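Worksheet: the structure to be examined is printed underneath.
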Amino acid sequence: MNRRALLVSAVAVAALGGLGASYVLNNRHVADSLAVGGPFKLIGTDGQEVTEAAVKGKFSLFFFGFTFCPDACPTALNTFTLVLSKLGADADKVQPVFVSIDPERDKPAVLKEYLTSFDPRIMGLTGTPEAIADTAKKFRVYYAKQGEGEFYLMDHSTAIIVMNPDFEYAGVLAGNMQPDEMVTRLKELLAQGA
Amino acid sequence: MKKLFTFLFAALIATTTLAGLSLAHEQKLGALILHHAWSRATPAGAKTGAAYVKIENTGDTPDQLLSVASDIAAKTEVHQMTMENDMMKMGPAGVIDIPPHGVVELKPHGLHIMMMGLKKPLTEGDTFPVTLTFAKAGKVDLQIVVGKVDDMGEEH
């Protein structure tokens, strides 16, 4: 094989390799875009680092909101509180999580105080703006700042994303679902997951 | 006979008092009747609250809710919450039209009086005023009764 042929085949191999790589990457991209939920590195209400390891082993319910929210967020947290109480012993298999999409205002201490008004088993998470953005993206949650100055508000998705005990996507619940219906849906999930 | 009379009189007083109590949650302003003004107790440390009221226009002419004001918060506005698919959006609602012989209800997940920068928490059982200004009916200090933190506004 002369040098020229070698060069040609090297280019061909590189091209094929490139095609292969781009195929793999594209496939990976497709898989990523279908997945809901994913690893996160956030901050708990005591300032500690919290990852998905903290919710593995239970069905986790992720609601994204903010403490400056007057209606949907307290409602969802009240729903979590009632659901935990209505689940009785099954409550141990469920971990509700409230993730702030307003990390600018919702520092760990703010979140901690706010959550004292609800069931203490609800996990509160905040984090750096980058970590929150990354987590929200993985959970397919959209949020956007509305307004300027001290009293800005946040538009946000209100869906509750359910992850199974292996931290795989298990479904979605409407954020305004009535507590009794949520209990029924969770019991179904628990029965399947058991 | 005298006994019966006393009984009837007592019954009449009792009925009037009861009627008065049930109407305590209603304020009139010209052709407008403001029903059941309420708010939820705020979670610990919360800096915002929402208040709700049903506005009934018994008149033949339209009216408008122009503005709201309160001393309890740094900023008070009428806001509209809307759901687009699963996305909750909130923002100032502007002027609210109150049609003749119509009802506009401020309620959870819809129009609400938004109080931002609360100076003190809203505590169950408390009452506080919010001033509503209407184009025709004028001003009224609406007495807002604070319910439970999980109140959803069912009539009590």
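Those protein sequences? They're chains A and U, same order as listed. Mapping the first sequence onto our numbering, position 166 (from 1) lands on 166, and the numbers just tick up by one. Mapping the second sequence onto our numbering, position 156 (from 1) lands on 156, and the numbers just tick up by one. For glycine and all other residues, C-beta sits at the position ideal for the given N, C-alpha and C. On a predicted model such as this, the values are computed, not experimentally measured, just so you know.
Cα-Cα separation between residue i and residue j, rounded to whole angstroms
i	j	result
F62 of chain A	V140 of chain U	42 Å
A53 of chain A	A131 of chain A	16 Å
D180 of chain A	P108 of chain U	19 Å
K107 of chain A	T126 of chain A	7 Å
A170 of chain A	I72 of chain U	43 Å
F40 of chain A	P129 of chain U	44 Å
G110 of chain U	A51 of chain U	11 Å
L25 of chain A	F64 of chain A	Note that L25 of chain A scores 42 on pLDDT, short of 50, meaning its location in the model is unreliable and no value can be drawn from it.
G57 of chain A	N164 of chain A	8 Å
E168 of chain A	V36 of chain A	8 Å
P70 of chain U	N78 of chain A	First, the residue type needs correcting, since residue 70 of chain U is Ser and not Pro in the sequence shown. About 27 Å.
H36 of chain U	G88 of chain A	35 Å
K112 of chain A	Y142 of chain A	24 Å
S39 of chain U	V146 of chain U	5 Å
Y152 of chain A	L66 of chain U	22 Å
D63 of chain U	I144 of chain U	21 Å
V55 of chain A	R105 of chain A	25 Å
V162 of chain A	L189 of chain A	10 Å
F98 of chain A	G45 of chain U	16 Å
M115 of chain U	M88 of chain U	18 Å
A174 of chain A	S157 of chain A	10 Å
Buried or exposed by the 16-neighbour rule on C-beta atoms within 10 Å, applied to residue i
i	result
N57 of chain U	buried
D60 of chain U	exposed
K187 of chain A	exposed
H79 of chain U	buried
T48 of chain U	buried
V68 of chain U	buried
V95 of chain U	exposed
P70 of chain A	buried
N207 of chain U	Since the first residue shown for chain U is 1 and the last is 156, residue 207 of chain U is missing from the structure and cannot be characterised.
V104 of chain U	buried
D92 of chain A	exposed
Q48 of chain A	exposed
S85 of chain A	exposed
D166 of chain A	exposed
A135 of chain U	exposed
T116 of chain A	exposed
G149 of chain A	exposed
T81 of chain A	buried
Q192 of chain A	exposed
Near the ligand SAM: residue i beta-carbon under 7 Å from a heavy atom
i	result
I161 of chain A	Annotation note on the ligand SAM: not contained in the displayed structure, which lists no ligands.
Continuous alpha helix (DSSP H) stretch holding residue i: start and end
i	result
F179 of chain A	Sequence inspection shows Pro at residue 179 of chain A; the Phe mentioned does not correspond to that position. Looking at the DSSP string, the run of the alpha helix (DSSP H) that includes P179 of chain A is P179 to G193.
A109 of chain A	P108 to L115
Continuous beta strand (DSSP E) stretch holding residue i: start and end
i	result
S85 of chain A	Where S85 of chain A is concerned, there is no enclosing beta strand (DSSP E), although the alpha helix (DSSP H) it sits in stretches over A72 to L87.
V172 of chain A	Y169 to L173
P129 of chain U	T127 to F134
G140 of chain U	The amino acid at residue 140 of chain U is misidentified as Gly; the sequence shows Val. V140 of chain U -> beta strand (DSSP E) spans G138 to G147.
V99 of chain A	V94 to S100
K54 of chain U	T48 to N57
D134 of chain A	Where D134 of chain A is concerned, there is no enclosing beta strand (DSSP E), although the alpha helix (DSSP H) it sits in stretches over P129 to K138.
L106 of chain U	V103 to L106
D60 of chain U	Unbroken run through D60 of chain U: none, as it is neither H nor E.
F212 of chain A	Since the first residue of chain A shown is 1 and the last is 194, residue 212 of chain A is not available in this structure.
Y143 of chain A	Y143 to Q146
T82 of chain U	A73 to E84
Q208 of chain A	Given that chain A is displayed from residue 1 to residue 194, the structure contains no residue 208 of chain A and the question cannot be resolved.
P92 of chain U	M87 to P92
A44 of chain U	Where A44 of chain U is concerned, there is no enclosing beta strand (DSSP E), given that its DSSP letter is neither H nor E.
K28 of chain U	E26 to L29
H109 of chain U	Per DSSP, H109 of chain U belongs to no beta strand (DSSP E) and is neither H nor E.
S70 of chain U	Here S70 of chain U belongs to no beta strand (DSSP E), and DSSP marks it neither H nor E.
Neighbour list for residue i in chain U, Cβ cutoff strictly below 8 Å
i	result
E104 of chain A	By Cβ distance, chain U contributes nothing, its closest Cβ being about 13 Å from E104 of chain A, past 8 Å.
D155 of chain A	M87, M88, K89 and M90
Cross-chain neighbours of residue i in chain U, by beta carbon under 7 Å
i	result
A159 of chain A	D86
V99 of chain A	The premise fails here: V99 of chain A is roughly 15 Å from chain U at the closest Cβ pair, so nothing lies under 7 Å.
V110 of chain A	G45
Partners in chain A for residue i, counting only beta-carbon separations shorter than 8 Å
i	result
V149 of chain U	P74, N78 and S117
K54 of chain U	Correct list: empty, because the minimum Cβ distance to chain A is about 17 Å.
A50 of chain U	P70 and D71
Interface partners of residue i on chain A, CB under 9 Å
i	result
K139 of chain U	Here the premise fails: no neighbours, minimum Cβ distance about 24 Å.
K136 of chain U	Ordered by position in chain A, no residue passes the 9 Å Cβ test against K136 of chain U, which lies about 29 Å from the chain.
Where residue i meets chain A, residues with beta-carbon distance less than 7 Å
i	result
A44 of chain U	E113, Y114, T116 and S117
K75 of chain U	F151
*Scan the segment 70–92 of chain A for residues whose Cβ lies nearer than 8 Å to a Cβ of chain C and list them as they occur along the chain.*
Going by chain labels, chain C is absent from the structure shown, which instead holds the protein chains A and U.
May I ask you to list, following chain order, the residues of the segment 106–129 of chain U that have a beta carbon less than 7 Å from some beta carbon of chain A? P108, H109, H112, M114, M116 and G117
**OP:** Taking only beta carbons into account, state which residues of the segment 161–179 of chain A come closer than 8 Å to chain U, listed in chain order.
**Re:** A174, G175 and N176
### Message
Any C-beta of chain U within less than 8 Å: which residues of the segment 130–150 of chain A qualify?
### Response
Y142, Q146, G147 and E150
request  = Note down, in chain order, all residues in the segment 116–128 of chain A with a beta-carbon under 9 Å from any beta-carbon belonging to chain U.
outcome  = T116, S117 and F118
query = Listed in chain order, which residues of the segment 82–99 of chain U have Cβ atoms closer than 7 Å to some Cβ of chain A?
reply = Near chain A, meaning a CB-to-CB distance below 7 Å, the residues of the segment 82–99 of chain U are D86, M87, M88, K89, M90 and G91.
If the cut-off is 8 Å on Cβ atoms, which residues from the segment 52–71 of chain A count as contacting chain U, listed in chain order?
T67, F68, C69, P70 and D71
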